[in-house]
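In this note's numbering, the protein residues as written are 1 to 113.
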(Lines of atoms letter the chains of each structure in order from A and count residues from 1; the text may use other names and numbers.)
(Lines give C-alpha, C1' and ligand atoms only; values in the text may rest on other atoms or scores of the structure.)
Protein backbone atom coordinates (compact mmCIF):
# COMPACT_ATOMS: atom_id res chain seq x y z
CA UNK A 1 0.00 0.00 0.00
CA UNK A 2 1.33 3.44 -0.90
CA UNK A 3 0.47 6.38 1.34
CA UNK A 4 0.90 10.12 0.81
CA UNK A 5 0.65 12.58 3.67
CA UNK A 6 0.12 16.08 2.33
CA UNK A 7 0.31 19.50 3.91
CA UNK A 8 -0.60 21.85 1.08
CA UNK A 9 -3.19 24.39 2.24
CA UNK A 10 -2.86 24.54 6.02
CA UNK A 11 -5.59 26.07 8.13
CA UNK A 12 -4.14 25.11 11.51
CA UNK A 13 -0.94 26.78 12.62
CA UNK A 14 0.47 23.39 13.68
CA UNK A 15 -0.35 21.57 10.43
CA UNK A 16 3.28 21.00 9.47
CA UNK A 17 4.11 19.49 12.85
CA UNK A 18 0.97 17.34 12.69
CA UNK A 19 1.93 16.03 9.24
CA UNK A 20 5.39 15.08 10.51
CA UNK A 21 3.94 13.43 13.62
CA UNK A 22 1.55 11.40 11.48
CA UNK A 23 4.44 10.21 9.30
CA UNK A 24 6.36 9.18 12.42
CA UNK A 25 3.27 7.38 13.73
CA UNK A 26 3.19 5.33 10.52
CA UNK A 27 6.80 4.35 11.23
CA UNK A 28 5.96 3.33 14.79
CA UNK A 29 2.88 1.31 13.89
CA UNK A 30 4.29 -0.39 10.82
CA UNK A 31 7.45 -1.59 12.55
CA UNK A 32 5.39 -3.75 14.90
CA UNK A 33 4.81 -7.43 14.05
CA UNK A 34 2.22 -7.98 11.34
CA UNK A 35 3.12 -5.06 9.10
CA UNK A 36 5.92 -6.63 7.11
CA UNK A 37 4.32 -5.62 3.79
CA UNK A 38 4.58 -1.88 4.55
CA UNK A 39 7.93 -0.13 4.66
CA UNK A 40 7.78 3.59 5.43
CA UNK A 41 10.85 4.49 3.40
CA UNK A 42 9.33 2.82 0.34
CA UNK A 43 5.57 3.17 0.76
CA UNK A 44 5.14 6.53 2.50
CA UNK A 45 5.74 10.04 1.16
CA UNK A 46 5.33 13.48 2.68
CA UNK A 47 4.30 16.27 0.27
CA UNK A 48 4.65 19.90 1.38
CA UNK A 49 3.83 23.27 -0.11
CA UNK A 50 5.55 26.55 0.65
CA UNK A 51 2.37 27.54 2.47
CA UNK A 52 2.89 24.63 4.87
CA UNK A 53 6.17 26.15 5.99
CA UNK A 54 4.70 29.63 6.22
CA UNK A 55 1.07 29.30 7.40
CA UNK A 56 1.16 25.85 8.99
CA UNK A 57 4.25 26.28 11.10
CA UNK A 58 3.86 28.04 14.43
CA UNK A 59 7.03 26.63 16.03
CA UNK A 60 9.79 26.39 13.37
CA UNK A 61 12.37 24.83 15.71
CA UNK A 62 10.05 21.97 16.67
CA UNK A 63 8.90 21.49 13.07
CA UNK A 64 12.48 21.31 11.84
CA UNK A 65 13.34 18.67 14.44
CA UNK A 66 10.30 16.63 13.42
CA UNK A 67 11.15 16.93 9.71
CA UNK A 68 14.71 15.79 10.42
CA UNK A 69 13.31 12.76 12.26
CA UNK A 70 11.01 11.96 9.32
CA UNK A 71 13.94 12.11 6.92
CA UNK A 72 16.15 10.10 9.29
CA UNK A 73 13.69 7.21 8.93
CA UNK A 74 14.12 7.43 5.16
CA UNK A 75 10.68 8.83 4.43
CA UNK A 76 10.88 10.89 1.23
CA UNK A 77 9.81 14.52 1.61
CA UNK A 78 8.81 16.39 -1.54
CA UNK A 79 7.80 19.95 -2.30
CA UNK A 80 4.75 20.44 -4.46
CA UNK A 81 5.70 23.73 -6.02
CA UNK A 82 8.94 25.39 -6.98
CA UNK A 83 7.70 28.86 -6.20
CA UNK A 84 6.47 30.31 -2.97
CA UNK A 85 7.84 32.26 -0.08
CA UNK A 86 9.48 30.41 2.75
CA UNK A 87 11.08 31.99 5.77
CA UNK A 88 14.88 32.26 5.92
CA UNK A 89 15.16 29.47 8.51
CA UNK A 90 13.55 27.06 6.01
CA UNK A 91 15.03 28.25 2.71
CA UNK A 92 18.13 26.02 2.56
CA UNK A 93 16.19 22.91 3.56
CA UNK A 94 13.32 23.76 1.18
CA UNK A 95 15.63 24.30 -1.79
CA UNK A 96 17.16 20.84 -1.31
CA UNK A 97 13.81 19.04 -1.48
CA UNK A 98 12.91 17.38 -4.77
CA UNK A 99 9.66 18.36 -6.44
CA UNK A 100 6.79 15.90 -6.71
CA UNK A 101 6.76 14.59 -10.26
CA UNK A 102 3.57 13.49 -11.96
CA UNK A 103 0.60 12.13 -10.15
CA UNK A 104 1.62 8.88 -8.50
CA UNK A 105 -1.10 6.49 -7.50
CA UNK A 106 -1.60 6.20 -3.76
CA UNK A 107 -4.00 3.84 -2.05
CA UNK A 108 -4.31 6.36 0.76
CA UNK A 109 -3.81 10.12 0.56
CA UNK A 110 -4.21 12.20 3.72
CA UNK A 111 -4.16 15.97 3.80
CA UNK A 112 -3.34 17.71 7.06
CA UNK A 113 -4.87 21.15 7.13
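The C-beta atom is built at its ideal place from N, Cα and C for all residues, glycine as well.
Grab the span of the alpha helix (DSSP H) containing residue 13 for me, first residue to last. Premise fails: residue 13 is in no alpha helix (DSSP H) and is neither H nor E.
Kindly list the residues whose CB is nearer than 7 Å to the CB of residue 30, restricted to its own chain and excluding five residues on each side of it in sequence; keep chain order. 38, 40
Can you grab the Cα-Cα spacing for the pair residue 90 / residue 1, in whole Å? 31 Å
Residue 91 by DSSP, collapsed to three states: which one? helix
By DSSP, does residue 26 sit in helix, in strand, or in coil? helix
What runs of the alpha helix (DSSP H), each 4 residues or longer, lie entirely inside the stretch 44 to 85? 50 to 54, 60 to 72
Between which two residues does the beta strand (DSSP E) carrying residue 110 extend? 108 to 111
Taking all protein chains shown into account, decide if residue 45 is buried (16 or more other Cβ within 10 angstroms of its Cβ) or exposed. buried
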